[in-house]
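Note sheet for the following structure.
Residue numbers (my numbering): 35 to 767.
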């Protein structure tokens with residue numbers, strides 16, 4: 035195990051069949067001090083391949099290349115200060131408060147004057163994009179919704195007079211006529227396809243959900259997924275719903291990469307999925323997969339049953355979009371123990387005339403490749419990393435690190451960056467650090483507790499990067515928050531099948547033995563019976579959602595009901611239905627490793643603020659032609675700490691325009707929507723939203739008037755109620 039396997043290191047061109055190691059020029063000199071300019075702000079010449087102006091925003095994050103770019107230029111650096119609210123649409127679907135809230139993270143699509151978006155309860159609505167008037171609404175739910183439906187957008191397909199909106203709800207892919215809002219009866223069964231089908235495992239063992247819309251290419255919609263399932267990527271026929279091809283992210287026996295897993299792992303393992311979205315090079319017929327980590331839940335952080343490098347987990351994979359055949363791949367983390375999955379779509383860029391692709395990471399790193407063959411355009415080297423001291427764990431001895439492009443987030447919580455917000459805060463964090471393991475990147479999880487910086491929410495997050503072909507700048511918003519990774523001995527399994535025993539064995543590792551959880555990351559369950567009906571709880575336990583896996587494959591219906599009754603404090607609840615006294619059905623294997631994850635915990639000072647010095651959230655611009663960071667500014671603030679831009683946690687991406695602007699909301703606590711000068715990072719305009727805009731905006735034009743629209747859903751600030759609005763801004767008429 036001294037070196038990564040050939041398939042797991044550097045880059046591999048499947049057609050040539052050869053392997054190359056990264057190498058090349060020396061490190062770039064980058065000055066990170068200060069909050070503004072980090073280098074020359076003078077941009078390189080405009081990319082001649084820049085797309086023409088368009089009135090629509092018809093693809094998730096703007097286009098198949100995931101650039102977040104619009105050539106519209108009615109709103110400019112000179113007039114953006116006059117921007118005002120044009121309309122607001124309130125879906126009425128916000129729900130919850132405190133530790134259990136709805137959210138609305140969708141990037142709107144706009145086609146032919148209609149805006150399409152999913153609401154916090156999963157309803158698909160079509161609005162007049164000029165006025166916000168509702169044209170139609172389609173509700174896919176068969177029962178009232180009171181649990182978070184994390185849906186980040188929809189997909190649009192058109193062929194002649196046929197126009198379809200495709201989106202997911204629960205475990206289904208749904209096709210709806212874009213003009214009428216009626217299901218497409220020719221698609222699947224009555225307009226729906228069960229996404230659990232096609233994995234080669236019993237449906238009862240699987241839970242699948244999609245947070246990010248599929249990538250449309252010709253007559254295909256290419257889908258990733260997450261859940262209690264292997265991470266197969268499938269291409270569905272947009273007319274019929276039939277599966278046209280499948281790529282196994284956990285390779286089957288005999289497929290390249292299978293040797294990086296234990297024998298027959300594809301039959302039992304879950305994970306290595308693509309939840310963050312897909313990017314398409316339409317001209318070359320390539321689709322790019324940012325594949326997630328090789329575990330799920332507890333198994334993200336302790337992996338003795340999955341010894342090996344675990345391809346194609348944590349890999350950027352290029353496939354032929356028509357056939358699913360692999361063209362090349364690059365693995366960024368071997369045998370992931372840190373949940374360091376790629377958090378966002380990769381972005382198609384141009385680097386010194388070369389068609390390229392840039393991938394941001396939770397680790398605060400940027401990788402750049404020739405998108406045709408996977409050749410690194412900036413050097414990468416395998417570096418030794420600390421070993422694990424956990425019994426049975428075989429951490430990989432090296433990990434790939436870019437050496438020319440500096441990280442966009444701090445990599446280790448050193449004493450000089452411990453918070454100085456107050457002397458008491460500094461002392462408290464220093465005392466915490468003295469008890470933790472803190473050796474920098476790729477320090478494995480431990481019983482002692484290990485510091486992870488950036489934390490499990492990045493670095494970069496699911497909003498993704500924005501690329502400006504006019505200047506060659508790539509924009510990345512990031513979190514600067516330390517988390518802790520701690521493993522603990524698995525508690526002795528509680529005897530029996532009572533609800534309390536089932537909770538202890540299946541739920542306590544994340545939600546805590548005291549059921550307090552870690553809101554909003556992991557909801558508390560002490561009052562869940564007051565929030566959710568028995569039927570809603572039963573559905574949530576069976577199907578899962580967000581970080582939570584479904585348990586339909588590991589608990590029998592009777593066990594699910596027993597757990598529901600325990601959570602609701604109602605042991606005399608509904609009687610079992612049918613044959614529910616049976617034990618667990620033919621089940622996915624139960625992984626009973628001797629250690630479990632101790633839960634998702636940020637490293638905070640005693641008053642709940644980040645444990646390190648500001649900035650706590652940033653927005654940065656990278657010149658992809660030189661590998662140098664051009665500017666960086668703090669993004670967001672905590673209102674109670676005063677007017678200073680300290681930066682804060684932020685979720686959702688930016689939009690960049692030919693008008694010289696970068697629009698971004700994303701900040702959790704101040705609820706601001708901002709516009710920056712894309713060349714310098716100077717703040718030009720901001721406004722307060724009714725709830726935080728934890729989503730990527732869209733810009734479009736109707737009847738010659740340019741709009742910028744953002745979903746305001748909140749959901750991560752326990753002190754504020756969530757929202758369910760879409761708000762559009764424009765220049766006064």
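Beta carbons: idealized from backbone N, C-alpha and C, even for Gly.
Sub-8 Å separation of residue i and residue j beta-carbons
i           : j           : result
residue 516 : residue 487 : yes
residue 124 : residue 136 : no
residue 393 : residue 100 : no
residue 272 : residue 198 : yes
residue 507 : residue 689 : no
residue 377 : residue 492 : yes
residue 700 : residue 728 : yes
residue 524 : residue 425 : no
residue 201 : residue 143 : no
residue 741 : residue 707 : no
residue 210 : residue 172 : yes
residue 263 : residue 233 : yes
residue 244 : residue 258 : yes
residue 600 : residue 546 : no
residue 287 : residue 298 : yes
residue 429 : residue 478 : yes
residue 240 : residue 227 : no
residue 242 : residue 205 : yes
residue 255 : residue 511 : no
Residue from the options whose Cα sits closest to the Cα of residue i
i           : options            : result
residue 592 : 575, 582, 603      : 575
residue 266 : 358, 102, 688, 150 : 358
residue 529 : 539, 347, 523, 520 : 539
residue 131 : 761, 747, 601      : 747
residue 356 : 223, 302, 533, 277 : 277
residue 319 : 325, 242, 353      : 353
residue 717 : 527, 436, 695, 195 : 695
residue 360 : 596, 322, 333      : 322
residue 434 : 417, 448, 445      : 417
8 Å contact criterion, which residue i and residue j should meet: CB distance rounded
i           : j           : result
residue 751 : residue 702 : 5 Å
residue 642 : residue 556 : At roughly 16 Å, the Cβ-Cβ gap does not stay under 8 Å, so residue 642 and residue 556 are not in contact.
residue 400 : residue 439 : 5 Å
residue 411 : residue 419 : Not a contact, Cβ separation roughly 24 Å.
residue 181 : residue 570 : 6 Å
residue 489 : residue 686 : Not really, about 17 Å apart at Cβ, beyond 8 Å.
8 Å Cβ shell around residue i - same chain, five flanking residues per side excluded
i           : result
residue 615 : Only weak support exists for where residue 615 lies, its pLDDT of 40 falling under 50; the value from the coordinates is given anyway. Within the same chain, residue 615 has close Cβ partners 592.
residue 611 : Because the pLDDT of residue 611 is 42, which lies under 50, any placement of that residue in the model is unreliable, and the number read from its coordinates should be weighed accordingly. Correct list, in chain order: 591.
residue 118 : 763, 764, 765, 766
residue 452 : 460, 463, 464, 467, 645, 646, 647
residue 188 : 94, 140, 143, 150, 151, 152, 158, 199, 200, 201, 247
Residue i - containing alpha helix (DSSP H), residue span
i           : result
residue 113 : No alpha helix (DSSP H) holds residue 113; DSSP gives it neither H nor E.
residue 600 : 591-602
residue 562 : 562-565
residue 464 : 457-468
residue 537 : 533-540
Run of the beta strand (DSSP E) containing residue i, from where it starts to where it stops
i           : result
residue 741 : 739-746
residue 573 : From DSSP, residue 573 is part of no beta strand (DSSP E) but of the alpha helix (DSSP H) over 568-577.
residue 197 : 196-203
residue 403 : 400-404
residue 119 : 118-124
residue 148 : 148-152
residue 768 : Because residue 768 is not part of the residues shown, which for the chain are 35 to 767, the question remains open.
residue 250 : 249-251
residue 509 : 507-513
residue 393 : 388-394
residue 172 : 168-172
residue 435 : 432-436
Neighbourhood of residue i by C-beta distance below 6 Å, restricted to the same chain and skipping five residues each side
i           : result
residue 650 : 514, 644, 680, 681, 682
residue 139 : 186, 728, 729
residue 108 : 740
residue 481 : 521
Neighbourhood of residue i by C-beta distance below 7 Å, restricted to the same chain and skipping five residues each side
i           : result
residue 455 : 639, 643
residue 274 : 220, 221
residue 41  : Only weak support exists for where residue 41 lies, its pLDDT of 38 falling under 50; the coordinates are left without a value.
residue 619 : Low confidence applies to residue 619: its pLDDT is 43, below 50, so where it sits in the model is not reliable, and the reading given next is rough at best. Cβ neighbours of residue 619 beyond the five flanking positions: 238, 590.
residue 116 : 765, 766
residue 705 : 722, 723, 725, 726
residue 121 : 165, 166, 762
residue 57  : For residue 57, the pLDDT reaches just 32, beneath the cut-off of 50, and the residue's location in the model is therefore unreliable, leaving the point undetermined.
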